[in-house]
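Enquirer: Taken in order, these protein sequences are the chains called B and E.
Going letter by letter, the first sequence gives residues 422 to 734 in the numbering used here.
Going letter by letter, the second sequence gives residues 711 to 1023 in the numbering used here.
Before anything else, here's the structure in question.
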Amino acid sequence: MLAYTLRRIVATIPVMAVVALFVFSLLYISPGDPAAVIAGDQATPADVERIRASLGLDRPYLVRFAEWAWNIMRGDLGTSIFTNLPVSTMIQQRIQPTLSLMVITLILAICIAVPMGVVAAWKQGTWIDRLVMGFAVLGFSVPVFVVGYLLAYVFALELDWLPVQGYTPFERGFWPWLQNLILPSVALGGVYIALIARITRATMLEVLQQDYIRTARAKGVAQPGILFLHALKNAAVPIVTVIGIGVALLIGGAVVTESVFAIPGLGRLTVDAILRRDYPVIQGVILLFSFTYVLVNLVIDLLYTLFDPRIRY
Amino acid sequence: MSTSTFQPGALPRAALRAEDVAAAAPMPDILPPVKARRGFLGFLRRNPTIAVGGGLMLLIILMAVLAPLLWTVDPTALAPARRTREPSALYWFGTDMLGRDVYSRVLHGARVSLIVGFAVAFFSSVIGLAIGLTSGFIRWADAIIMRIMDGLMSIPSILLAIALMALTRGSVGNVILAITIAEVPRVSRLVRGVVLSLREQPYVDAAVASGTSTPRIIVRHILPNTLAPLTVQATYICASAMIAESILSFIGAGTPPIIPSWGNIMAEGRALWQVKPYIVFFPAIFLSLTVLAVNLLGDGLRDWLDPRMAKKV
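Set out below in structure tokens:
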């Protein structure tokens, strides 16, 4: 187990290296002069030169990459071209709203999607099953900002139950904080719920045909006990895997959700950085998100033995 | 008793004479003949998901192609005097803050979504197929290619597209390129998986044993078997590319604002959405319907091409 854990951790290093190399190389492989693109149309030649120097584009590629990678390992993500603040500081200022949004969405999605999938598998072929599957197709099809605007229109503008936009820091109390995050998490959770519900249903259908389920039924275990104790436990691994993979959807969706609901998080920071072509910030945020994604999936991989003791390494 | 044991080889063949067979009474008509509808209509009847998805898709394609004939005006014509008119008999979907007709813009916007969706599906399938075949057949290349693909896949695809767009000037071509690069790793993984499992098939061994050259094996035995899963994957990529295009345009990193795309119309309506929600909602509805049509088509194709999966997912 320890050997496997170590091997698995070591295996993420090349993946992260490829991510870093790619995010870094984008500056070099993009067509045209990146310094000119970043500087914008109204820039003077001096501006372009200043940006070229600050991005290190005037120095050799490999030297620059080694330097950049070394800085990242020390936690220095560079300096923003627009605000002149360290990128890590800018990320720190914006991380709480994004983290809150993602954690609440994650909890919400799991609490809704898993029972949905279980019930759909149990009632396979009935109208309940069809309703759940129909919802899943809709969840995949309606983009996150469409759901966001629709929810905001109905529940904030028309019914006035929840705030339309904005974010209240956690320090100002649990309810004000949660109030602002309900609509965004439901909007962001749509695709995620659809994904998890589909996999839960598919895996449960397979598990429910196993002999030990028949045994449980024969010895008189009640239906909920069979579904949630005997079957769900055995269906856990694929479900947990897809929850990990789906974090990519959460990250991508957060960028949009934060724009719709005016939440000052990392997504908003990314969008602002794109509009200002503040490449060091974009680089930093993408690295952070990708590393998070890799780490989440690493942890899930290592947790497999916990969900299914039959798995041994 | 040896006579009671059934022995297929010992059947009294000679007893069955030609006259008996000819004289046998015709089978009674217990079962009504199965009405297997043939042809295209029968196919649609047996695959309602393909029928609904395909029909909807066809309508949207027609709408995009015939946009200039469907009572639209110039979608970019400014008319400051007629700003933000509510939907009416004259302006079916109302006008935006620059007085442009939202109905005309939405209909023309379909073109961008469809072009991006189809182009990305096509290019990422072709490139992914080439990479997947290479890494499935050439051992030493496999390790390198798959490490690179793992790295690319750990960058959430919409962020990868954002990073690429941040460094190029916005154009439909660049949007297609950016989303294609983000989708290629998934296709290559799929193709590689199919290739690796096909290589173990006895008929491939037989082909190798009979001295068939590798390129011929690929073209005759491997390629045709990858087409079904690849087609299904391509429809899902088409759907997610349409969403990605609208997200990129919505956050200002996609199609140039001068081109009416659904993402752009929504981005422009964003500032006014609390008072004039229709500017956002009309493109949102069309986008959702289009993506829904493609997803239904994909689900239908999957069930049709791989009936074993149909009952499960």
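Positions of the beta carbon are idealized from the N, C-alpha and C atoms, including for glycine.
Three or more beta-carbon pairs under 8 Å between the segment 549 to 565 of chain B and the segment 526 to 541 of chain B, yes or no?
Expert: Output reads yes: the segment 526 to 541 of chain B touches the segment 549 to 565 of chain B.
Enquirer: Quick check: the segment 619 to 634 of chain B against the segment 642 to 659 of chain B, are there 3 or more CB pairs under 8 Å?
Expert: They touch, by the three-pair rule.
Enquirer: Note down, in chain order, all residues in the segment 503 to 521 of chain B with a beta-carbon under 8 Å from any beta-carbon belonging to chain E.
Expert: Listed by position, the residues of the segment 503 to 521 of chain B near chain E (Cβ gap below 8 Å) amount to none.
Enquirer: Where in the segment 964 to 999 of chain E do unbroken runs of the beta strand (DSSP E), each at least 3 residues long, occur, reported from the N-terminal end onward?
Expert: Counting only runs of 3 or more, we get nothing.
Enquirer: Measure how close the beta-carbons of Ile703 of chain B and Ala876 of chain E come, nearest whole angstrom, since I'm counting them as under 8 Å.
Expert: The pair is a contact, with the Cβ atoms about 5 Å apart (cut-off 8 Å).
Enquirer: Would Ser562 of chain B count as contacting chain E if we go by Cβ distances under 8 Å?
Expert: With 8 Å as the cut-off, Ser562 of chain B counts as an interface residue toward chain E.
Enquirer: If we cut at 8 Å on Cβ distances, does Pro659 of chain B have a partner in chain E?
Expert: Not an interface residue.
Enquirer: Any idea if Ala951 of chain E is buried or exposed, counting beta-carbon neighbours within 10 angstroms, 16 or more meaning buried?
Expert: Classification of Ala951 of chain E: buried, given that the 10 Å Cβ count is 16 or more.
Enquirer: One question on the structure: do Asn884 of chain E and Thr878 of chain E come within less than 8 Å of each other, judged by their Cβ atoms?
Expert: Yes. Within cutoff.
Enquirer: Kindly indicate the opening and closing residues of the alpha helix (DSSP H) around Glu679 of chain B.
Expert: Start and end: Ala657 to Val681.
Enquirer: Would you please verify whether the beta carbon of Arg902 of chain E is less than 8 Å from any beta carbon of chain B?
Expert: Taking Cβ atoms only, chain B never reaches closer than 8 Å to Arg902 of chain E, which makes this a no.
Enquirer: Whole angstroms is fine: what's the gap from Leu1011 of chain E's alpha carbon to Ile760 of chain E's?
Expert: Rounded to the nearest angstrom, the two C-alpha atoms are 7 Å apart.
Enquirer: Arg698 of chain B and Val458 of chain B: beta carbons closer than 8 Å?
Expert: In this structure, Val458 of chain B lies closer than 8 Å to Arg698 of chain B by Cβ.
Enquirer: Counting only beta-carbon separations shorter than 8 Å, does Leu869 of chain E have a partner in chain B?
Expert: At least one chain B Cβ lies under 8 Å of Leu869 of chain E.
Enquirer: Name the residue from E:Pro758, E:Asn1005 and E:Ala963 whose alpha carbon lies nearest to the alpha carbon of Ser881 of chain E.
Expert: Checked all of E:Pro758, E:Asn1005 and E:Ala963; the closest Cα to Ser881 of chain E is E:Ala963.
Enquirer: Within 10 Å of its beta-carbon, does Ala873 of chain E have 16 or more other beta-carbons around it, so buried, or fewer, so exposed?
Expert: Under this definition Ala873 of chain E is a buried residue.
Enquirer: What is the DSSP secondary structure of Thr878 of chain E, reduced to helix, strand or coil?
Expert: Coil at Thr878 of chain E, not helix or strand.
Enquirer: So what's Pro507 of chain B in DSSP terms, helix, strand or just coil?
Expert: Here Pro507 of chain B sits in strand by DSSP.
Enquirer: Taking Cβ positions, are Ile707 of chain B and Val444 of chain B nearer each other than 8 Å?
Expert: The answer is yes: Cβ separation under 8 Å.
Enquirer: When the Cα of Val605 of chain B is compared with those of B:Gln586, B:Ile664 and B:Gly594, which residue comes out closest?
Expert: It should be pointed out that residue 605 of chain B corresponds to Pro in this sequence rather than to Val. Out of B:Gln586, B:Ile664 and B:Gly594, B:Gln586 has the C-alpha closest to the C-alpha of Pro605 of chain B.
Enquirer: Confirm, please, whether the CB-CB distance from Gly846 of chain E to Val894 of chain E is below 8 Å.
Expert: Cβ distance not < 8 Å, so Val894 of chain E and Gly846 of chain E don't count as in contact.
Enquirer: Anything in the segment 753 to 786 of chain E with a Cβ closer than 8 Å to a Cβ of chain B? List those residues in chain order, please.
Expert: Going along the segment 753 to 786 of chain E in chain order, one finds no residue with a Cβ nearer than 8 Å to chain B.
Enquirer: Where are the alpha helix (DSSP H) runs, 4 residues long or more, that stay fully inside the segment 807 to 842 of chain E, in chain order?
Expert: Listed in chain order, there is nothing to give.
Enquirer: Anyone know if the C-beta pair for Ala871 of chain E and Arg821 of chain E falls short of 8 Å?
Expert: Result no, Cβ atoms of Ala871 of chain E and Arg821 of chain E do not sit closer than 8 Å.
Enquirer: On a CA-only basis, which of B:Ile617, B:Leu522 and B:Ile525 is nearest Gly667 of chain B? Give me that one, please.
Expert: Nearest of B:Ile617, B:Leu522 and B:Ile525 to Gly667 of chain B, Cα basis: B:Ile617.
Enquirer: Less than 8 Å between the beta carbons of Gly763 of chain E and Ala1003 of chain E, yes or no?
Expert: Their beta carbons are under 8 Å apart, which means Gly763 of chain E touches Ala1003 of chain E by this criterion.
Enquirer: Mind checking Lys986 of chain E: buried by the 16 CB within 10 Å criterion, or exposed?
Expert: With 16 or more Cβ atoms within 10 Å of its Cβ, Lys986 of chain E is classed as buried.
Enquirer: Along chain B, in chain order, which residues have C-beta atoms closer than 7 Å to that of Val990 of chain E?
Expert: Neighbours of Val990 of chain E on chain B, chain order: Tyr570.
Enquirer: Would Ala944 of chain E count as contacting chain B if we go by Cβ distances under 8 Å?
Expert: False, the Cβ-Cβ gap to chain B never drops below 8 Å.
Enquirer: Specify the secondary structure class of Thr786 of chain E as computed by DSSP and reduced to three states.
Expert: Note: Thr786 of chain E maps to coil in three-state DSSP.
Enquirer: Taking 8 Å as the cut-off, decide whether the C-beta atoms of Ile989 of chain E and Gly979 of chain E are in contact.
Expert: Taking 8 Å as the Cβ cut-off, Ile989 of chain E and Gly979 of chain E qualify as a contacting pair.
Enquirer: Residues of the segment 877 to 888 of chain E with a CB closer than 8 Å to any CB of chain B: list them in chain order, please.
Expert: Within the segment 877 to 888 of chain E, the residues whose Cβ lies closer than 8 Å to some Cβ of chain B are Leu877, Thr878 and Arg879, listed in chain order.
Enquirer: Which class does Thr465 of chain B belong to by DSSP, given the choice of helix, strand or coil?
Expert: Coil.
Enquirer: Leaving out five residues on either side along the sequence, give the residues of the same chain with a beta carbon under 7 Å from the beta carbon of Ile771 of chain E.
Expert: Counting only Cβ-Cβ distances below 7 Å, and skipping sequence neighbours, we find Leu824.
Enquirer: Who are the near neighbours of Leu906 of chain E in its chain, counting only those whose CB is closer than 8 Å to its CB and skipping five residues on each side?
Expert: The residues are Gly846.
Enquirer: Can you pull the chain E residues whose beta carbon is under 9 Å from the beta carbon of Ile672 of chain B, in chain order?
Expert: By Cβ distance, chain E contributes Pro866, Ile868 and Leu869.
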